[in-house]
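For reference, the structure discussed in these notes is given below.
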Amino acid sequence: AATLVAFGTSLPELVTAITAVKKGHGELALGNVIGADILNVLFVAGASAALTPGGLLVPPEFFTLYYPSMIFVIAVLRFGISSSRDRLGRPAAIALLVAYVITVAAGYLLPVASL
């Protein structure tokens, strides 16, 4: 259910990014997606931690599955863009999509205790 909500809240950024790319403004698309995601994560985490009496509980699977996934995405963006003259090429884009699918599938399929 959370993945569906996340998709729904990210849909406006996705439409904006696709429209920007079609009009030849790829940098606007990248900035919009990254900025919106950073705002969503920091605002939701900050508000949740501030409003929860005991603080925000971070489950162990965050450090064994999601944190490494985020590091991989940052590395692909960094090296993918720097190795192809400030453009995100098709191989890096495919790597990002595959990383997303693997992370979402692993989050659903792997038992929490084994993470």
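Just so you know, we're using the working numbering here: the sequence shown kicks off at 8 and counts up by one.
No residue lacks a Cβ here, since even glycine has one placed at the ideal position from N, Cα and C.
Keep in mind that this is a model prediction, so the values were computed, not measured.
Classification of residue i by the beta-carbon crowding that lies within 10 angstroms, buried from 16 upward
{"i": "A36", "result": "buried"}
{"i": "A24", "result": "buried"}
{"i": "S121", "result": "Confidence is the limiting factor: at S121 the pLDDT is only 46, short of 50, which leaves the residue's position unreliable and the question unanswerable from this model."}
Element boundaries [alpha helix (DSSP H), containing residue i]
{"i": "G42", "result": "33 to 58"}
{"i": "R92", "result": "Neither: R92 is in no alpha helix (DSSP H) and is coded neither H nor E."}
Same chain, Cβ closer than 8 Å to residue i, neighbours up to 5 away in sequence not counted
{"i": "A106", "result": "S76, F79, V80, V83"}
{"i": "S91", "result": "A99"}
{"i": "L18", "result": "none"}
Closest residue to residue i among the options (Cα-Cα distance)
{"i": "V51", "options": "R94, L63, L21", "result": "L63"}
{"i": "V108", "options": "L21, A54, Y73", "result": "Y73"}
{"i": "G15", "options": "L95, L103, N47, G38", "result": "N47"}
{"i": "T71", "options": "G114, G31, G61", "result": "G114"}
Cutoff 6 Å; reference residue i; Cβ partners in own chain excluding five residues on either side
{"i": "A57", "result": "none"}
{"i": "A27", "result": "L35, A36"}
Beta carbon proximity, residue i to chain B, threshold 7 Å
{"i": "L64", "result": "Absence of chain B from the displayed structure is noted, only one protein chain being present."}
Residues of its chain near residue i, where Cβ-Cβ distance is below 7 Å and the 5 sequence neighbours each way are ignored
{"i": "L103", "result": "V80, V83"}
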